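Chains as they are written, first to last, in the UniProt record's numbering: chain C, 1 to 406; chain L, 1 to 406.
Cβ coordinates follow ideal geometry from the N, Cα and C atoms, glycine included.
Quantities reported herein were computed from a predicted structural model and do not represent experimental measurements.
The structure appears right after this line, and notes come after that.
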């Protein structure tokens, strides 16, 4: 069996989170991904977190399963090599993903002169081409103001807009590749990071809430909006999240805690219908007041014993260390993980892509390349360069000699 | 020109955020999406935010551009109709997306008896099939503990795991459809919501940070991790986010504020290299101490006048109302938006999908269906049912008569 995208070749010239994630996602589905960077690496090569020797754990984590080619992209000769790799006539090639601006040799028009059916997927900041990054998009989204329990904005830590954009980029490439396969034509696809935010705010109903109700969602701490849910402290200083988004889950909470009768009294007490999501939300403080002592009197293991298998929707708060050290889902017991020896960093538990295919091969978890590692091999294999031509490129500082020795 | 996924038919039987978002995303790329729900709607039909008349703005926002079919899915007759729609032999049909468990008529094996090349994309909670939702996945992820400026967990408001899962689901369908087109075989693809979280935590380097450094990222408030960035208050009570993830952006801050010389002194003061991202992060409190008064002495318009066009990376914090009312990107001036009359709700600014194709048609922004609206038409068109057969289904309460009149 082949992997789902076996044979497809994607060339990536990008940095940071969104575009590298997009290309890695396609690599994890079996595509050949060649990331081209300036000699020495792009602007994200030293991004935190770092290993003690200074190598970027971040970079290694977002570039798994790719090939790394480094070229002097600020020279006509380096640009010509990159163009030749992008526009190589292999039928499953001719796809480039970038967050560079559409100028000069990286414009669609100039590249398409060398391959008319080129597919170019381009990430921009805003739809007018101006700059934006996750941090500056997020502050505008409304979410930081609605996060936490005070009007002060709280930034997210997960770069959610970058992650969303990365997945839209991967989707856009597959959609355009389908068009090319069926109808023969390539095209440029663009995605603005801030449009990912705007579309998402709209898709979740918050634009409509403002336009129809004139309301802007307020911060409600860790309460679940529109149904029941909140965090609770346990006797041993842990915290758990409890939620009910269906009547079945709500009844399960009463049954598992033995508090059904008390919880049922809250309907009359607060004059709400506890069979409706909205009623649960309106009565949230009374519900939490009844439930909190139950959790405060039990340690995490007792809570687990009572709630696991009871139909109650709940989970434990963990920091990253607890996730790695205590959660069985974050271990080799979960088939999405493999163990890799990441050159320059060390032994890592690393995820493959999260999609599982029943009738296509799953590429194994792969390490990230050392920067520039595949330069010479790629120039020989795709562009058929000779020893002499490679030597000339090194002499001209278009490629780095050290890179060719790895 | 056709839309990218013109002709593809996806049947969705699901609820909540992730799977509905996946199907809507494919509809916004031109696919025909038929969402099948129980008569009266699925468990998400009344989810908040609601319009004053009780209709769900949330539901309408996540189901745009779909057809809605309602059937008595708890009866063999309703299940048989759903199966016939899913397994209809149209070459571009035979794709179903669901978050139902793989049991009975909704198992891949039983459905594939009626269409051997069926593609079934299934969302689960955990990889072992147990339940999980965004709230219970998020608490385990490590991010709530690292959010805000205290060790207390802060839940995200954006259901980021659901959004990510929705986009992976859409991607998985296109990857599997490519395999079917090239190699003729269908398959079941599964995605666990918690695996989306685990893969993302790993992809961003946080698993590696624990394994290599033994450290778990701590909460750092609104500071940008590993480079420079934080929020600042203006004289008129607004807040802005300022960031520098490149040396160019860092130098632009000094130039635009006239504080270059003072900022340069911080390198010696704090004994760090301000030309490195890590140095900026280590000196963040001193940098913010120098910059904060500059913002406190200016109102938002003055800040805007100084920073716009200066190469500084910045943005304004907005609540959802300010986003809708004050941000030009969230208006018809941005081509991703259209204005729709949403039946049962009202006039809405609504986004299309955020991907823009240069050589494929962009489907216009479409309203969501009224629940059940397309039931009779779909049964006639795809299953070729007659008036008599439709009447019998109504008599047997397999479909609802009122729904057929819309």
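Of the candidates L:289, L:359, L:213 and L:120, the residue whose Cα lies closest to the Cα of residue 347 (chain C) is L:213. Residue environment: residue 25 (chain L) is assigned as buried (16 or more neighbouring CB atoms within 10 Å of its CB, all protein chains considered). Restricting attention to L:302, L:320, L:362 and L:231, the CA atom closest to the CA of residue 136 (chain C) is found in L:231. Cβ neighbours of residue 327 (chain C) within its own chain (closer than 7 Å, five residues either side excluded): 318. Taking the Cα positions, residue 61 (chain L) is about 12 Å away from residue 353 (chain L). Residue 28 (chain L) carries a coil assignment under DSSP once its states are collapsed to helix, strand and coil. In terms of Cβ geometry, residue 144 (chain L) and residue 157 (chain L) do not form a close pair [threshold 8 Å]. In this structure, DSSP gives residue 275 (chain C) a state outside helix and strand, which the three-state scheme calls coil.
As the crow flies, the alpha-carbon of residue 95 (chain L) is around 54 Å from that of residue 285 (chain L). In terms of Cβ geometry, residue 45 (chain L) and residue 121 (chain L) do not form a close pair [threshold 8 Å]. A distance of 8 Å or more separates the beta carbons of residue 117 (chain L) and residue 7 (chain L). Per DSSP, reduced to three states, the secondary structure at residue 160 (chain L) is helical. Beta-bridge analysis with DSSP links residue 241 (chain C) to C:231 and C:315.
Contact with chain C is absent for residue 376 (chain L), since none of that chain's Cβ atoms lies less than 8 Å from the residue's Cβ.
Residues of the same chain with a CB within less than 7 Å of the CB of residue 141 (chain C), apart from the 5 flanking positions on each side, are 197 and 201 in chain order.
Across the set C:250, C:74, C:289 and C:256, the C-alpha of C:289 shows the shortest separation from the C-alpha of residue 269 (chain C). Against chain L, a Cβ distance below 9 Å from residue 208 (chain C) picks out 49, 51, 57, 58, 60, 61, 342, 345, 346, 348, 349 and 350. Around the CB of residue 265 (chain L), fewer than 16 other CB atoms lie within 10 Å, so the residue is classed as exposed. The shortest CA-to-CA distance from residue 38 (chain L) to any of L:49, L:82 and L:104 is the one to L:82. Not one beta carbon of chain C lies nearer than 8 Å to the beta carbon of residue 87 (chain L). One alpha carbon belongs to residue 178 (chain L), the other to residue 14 (chain C), and they sit about 26 Å apart. Excluding sequence positions up to five before and after residue 173 (chain L), its CB lies within less than 8 Å of the CB of 10, 22, 26, 95, 97, 119, 121 and 189, all in the same chain and listed in chain order. Separation of residue 99 (chain C) and residue 50 (chain L) (C-alpha to C-alpha, rounded to the nearest whole angstrom) is 38 Å. Here residue 39 (chain L) carries a coil assignment [DSSP, helix/strand/coil]. In this model, residue 376 (chain C) and residue 207 (chain C) are separated by some 51 Å (Cα to Cα).
Counting of Cβ neighbours within 10 angstroms places residue 146 (chain C) among the buried residues, the total reaching 16 or more.
According to the DSSP assignment, residue 83 (chain L) belongs to the alpha helix (DSSP H) that extends over 76–86. With respect to chain C, the C-beta atom of residue 144 (chain L) has a partner C-beta closer than 8 Å.
Below 8 Å, too few C-beta pairs join the segment 383–399 of chain L and the segment 214–221 of chain C to call them touching: fewer than three. With a cutoff of 8 Å on beta-carbon distance, residue 398 (chain L) and residue 72 (chain L) are scored as near each other.
Contacts with chain C (Cβ-Cβ distance below 9 Å) from the segment 294–325 of chain L involve 311, 313, 314, 315, 316, 317, 318, 319, 320, 321, 322, 323, 324 and 325, listed in chain order. Beta-bridge annotation (DSSP): residue 68 (chain L) is paired with L:35.
The criterion of a C-beta distance shorter than 8 Å is satisfied by residue 195 (chain L) and residue 336 (chain C). Interface residue (Cβ-Cβ distance to chain L less than 8 Å): residue 241 (chain C) is classified as such. Rounded to whole angstroms, the Cβ separation of residue 340 (chain C) and residue 57 (chain C) is 12 Å, and the two are not in contact under 8 Å. Chain-order list of chain L residues neighbouring residue 357 (chain C): 172, 175, 176, 179, 187, 188, 189 and 190, by C-beta distance under 9 Å.
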